[in-house]
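Residue numbers (the UniProt record's numbering): 1 to 443.
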């Protein structure tokens, strides 16, 4: 491994405007769970055969977890969280495991690799992506491919890292040697946010140019784009990949994968972050929305376009704007409740505090809005927190029967099994650029 080392009431409405994609682009988005690599490829056939038995193999949930937060003060905070049996119930607690200056400028983005949480990536206004080994708690090196501040980081799998920058590009790195597999160009100006589909095969991005772009990560090229008519700050997929949300400062647009607009929610307070989360009690998922109003609003999103999204709960406790929200499924202590696992929600705020909430406290249905209080809290004493990530901790013996499905693309970072698949094509050709232009349509 040899990376370069760097010294009011809510208002709801259905929008009249819905961006459109070309027929080919819409078809690609509708079929994202299927492989976009050639089905006739012997290598792909061999890999498919090898993974047939393991694609439904469950993986144990962690019994502990890590919360990592960056700040304007250049500091990186690392907390280890755990649950403890308390009679027939359980409690949560934090303990700091590291606090140090990670960059020479403010920390703008942070991401942790899934299913094991070995790698941590941080991005800054210094234009450098730093890579850290969370297990050994040491710096691996700096990736200096961008020519602008880092705006977003995400691990599509344990073996790949996707970064975005103010320079208008996205970069796909291989975690085995941290080589750049592909530099994705298309945005004119800053890229604000990137979201990788749960299948790991495509990604969506939004930027200052007011466009939504789709990227084919298997071939390493742009797949489609459309003009939104407004600058979006965040884009996220639902947990099952059937919906995605586009967030602006005051609106939340929820789309189906065919680009049909399902709902638009207008919020009276400035929006900062959004995340889909599966219910622990009951079925389905909800939308967590962090905003300037010092709380996280929990929306129930109906699949019927004629129905109205409703706030079913609020996560309270912060005394200033909530900047970010993240979720993680974890195993619970053995024999402490009627369930083996839960989902914890972590938030950061301009009040300098990191809060933890338990999604098990959200009832499956209620005639009244539920109020969720934090189950754990850490105070940074006034640090201006900017970004947030959660990572798996230890998997103990009590967690072996509490499992989640393993992603067939989630290959070990040292195996190299995905070589020649992710971003396999080299730098884009003129034909690729022309295809992107054809897919882009005016408002």
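We put the beta carbon where it would ideally sit given N, CA and C, even for glycine. This structure is a prediction, so every number in the text was calculated from the model and none was measured.
What does the alpha-carbon distance come out to for the pair residue 168 and residue 186? The alpha-carbon atoms of residue 168 and residue 186 are separated by roughly 7 angstroms.
Rounded to a whole number of angstroms, what is the C-alpha to C-alpha distance between residue 108 and residue 344? About 23 angstroms.
Quick check on residue 240: buried or exposed, where buried means 16 or more other Cβ atoms within 10 Å of its Cβ? Residue 240 is exposed by the Cβ-count criterion.
Nearest-angstrom Cα distance between residue 263 and residue 299? So the alpha carbons of these two residues sit roughly 12 angstroms apart.
Do the CB positions of residue 62 and residue 330 come within less than 7 angstroms of each other? It is a contact, given that the beta carbons lie within the stated cut-off.
Give the list of continuous alpha helix (DSSP H) stretches no shorter than 4 residues that lie fully inside the UniProt repeat "WD" (100–142). Whole alpha helix (DSSP H) segments, 4+ residues: zero.
Quick check on the DSSP output: what are the complete beta strand (DSSP E) runs of length 3 or more inside the segment 250–290, in order along the chain? You should have 251–256, 261–266 and 271–278.
Assumed close pair residue 350, residue 320 - CB separation to whole angstroms, cut-off 8 angstroms: At roughly 4 angstroms, the Cβ-Cβ gap stays under 8 angstroms, so residue 350 and residue 320 are in contact.
Let me know the secondary structure DSSP gives residue 359 once reduced to three states. Residue state, collapsed to three classes: helix.
Between the CA atoms of residue 225 and residue 188 - distance to the nearest angstrom: Between residue 188 and residue 225, the C-alpha separation is close to 12 angstroms.
Among 154, 89 and 121, nearest to residue 375 - alpha-carbon criterion: When each option's Cα is compared against that of residue 375, the closest is 89.
Check whether residue 287 and residue 296 have beta carbons under 7 angstroms apart: Cβ atoms of residue 287 and residue 296: not closer than 7 angstroms.
Whose C-beta lies closer than 8 angstroms to the C-beta of residue 148 among residues of the same chain, with five residues either side of it excluded? Hits under 8 angstroms: 127, 165, 166, 167, 168 and 190.
Of the choices 111, 150, 124 and 153, whose alpha-carbon is the least far from that of residue 134? Measuring C-alpha to C-alpha distances from residue 134 to each of 111, 150, 124 and 153 identifies 111 as the nearest.
Could you pull out every residue in the same chain whose Cβ sits closer than 8 angstroms to the Cβ of residue 310, ignoring the five residues on either side in sequence? Same-chain partners within the cutoff: 299 and 300.
For residue 224, list the residues DSSP reports as bridge partners. Note: residue 224 sits in a beta bridge opposite 214.
Exposure of residue 214, with buried meaning 16 or more beta-carbon neighbours within 10 Å: Counting Cβ neighbours within 10 Å, residue 214 comes out buried, since at least 16 surround it.
Select from 152, 313 and 208 the residue whose C-alpha is nearest the C-alpha of residue 363. Considering only alpha carbons, the answer is 313.
Using the three-state DSSP reduction, which class does residue 248 fall into: helix, strand or coil? Here residue 248 sits in coil by DSSP.
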